[in-house]
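Residue numbering for the sequence shown follows UniProt numbering, starting at 1 and increasing by one per position.
Don't be surprised by glycine CBs; every beta carbon is placed ideally from N, CA and C.
Quantities reported herein were computed from a predicted structural model and do not represent experimental measurements.
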Amino acid sequence: MEDTLNSGVDDKIIFQYAVNQKLPIITHDRGFGILYHFSQLKTPAIVILQVLSPHPEATNKLLNKFLSQFDINKPQNYGKLIIISKNNIRIRSK
């Protein structure tokens, strides 16, 4: 697992690993939205954080607020694309 998730690993490898392990993906990388859209696989929940500056403080604040209201591990949330910004949360399904 450690080799799979090191920095610099291709998004497709991380995406496939998350699908196989049924793990949600939390990222700043909008490329995972493209992988989600074009994938024929049943994908886990993908959370894309959109912050002006991806500093840990801003990211943690946004993520904590979201996770206090939404359980990404619930079965009905599997396969959702969730885009979070400071003022908006969008949830998409295939």
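Check your understanding: Enumerated in chain order, which unbroken segments of the alpha helix (DSSP H) with a length of 4 residues or greater are wholly contained in the region 19-61?
Key -> The qualifying runs are 31-38.
Practice item. Give the straight-line distance between the Cα atoms of residue 78 and residue 94, rounded to the nearest whole angstrom. Key: Against the sequence shown, residue 78 aligns to sequence position 78. Against the sequence shown, residue 94 aligns to sequence position 94. Residue 78 and residue 94: Cα-Cα distance of roughly 11 Å.
Point to revise | Close Cβ partners of residue 42 (< 8 Å) along its chain, the five nearest in sequence each way excluded | key: Within the sequence shown, residue 42 is the residue found at index 42, counting from 1. Excluding residues within five positions, the ones whose Cβ falls inside 8 Å are 19, 78, 79.
Point to revise | Outcome for residue 9 when other beta-carbon atoms lying within 10 angstroms are tallied against a minimum of 16 | key: The count along the sequence shown starts at 1 and reaches residue 9 at position 9. With fewer than 16 other CB atoms across the displayed protein chains lying within 10 angstroms of its CB, residue 9 is exposed.
Practice item. Pick out whichever of 34, 22, 21 has its Cα sitting closest to the Cα of residue 11. Key: Counting from 1 along the sequence shown, the entry for residue 11 is found at position 11. Of the residues 34, 22, 21, the one whose Cα lies closest to the Cα of residue 11 is 34.
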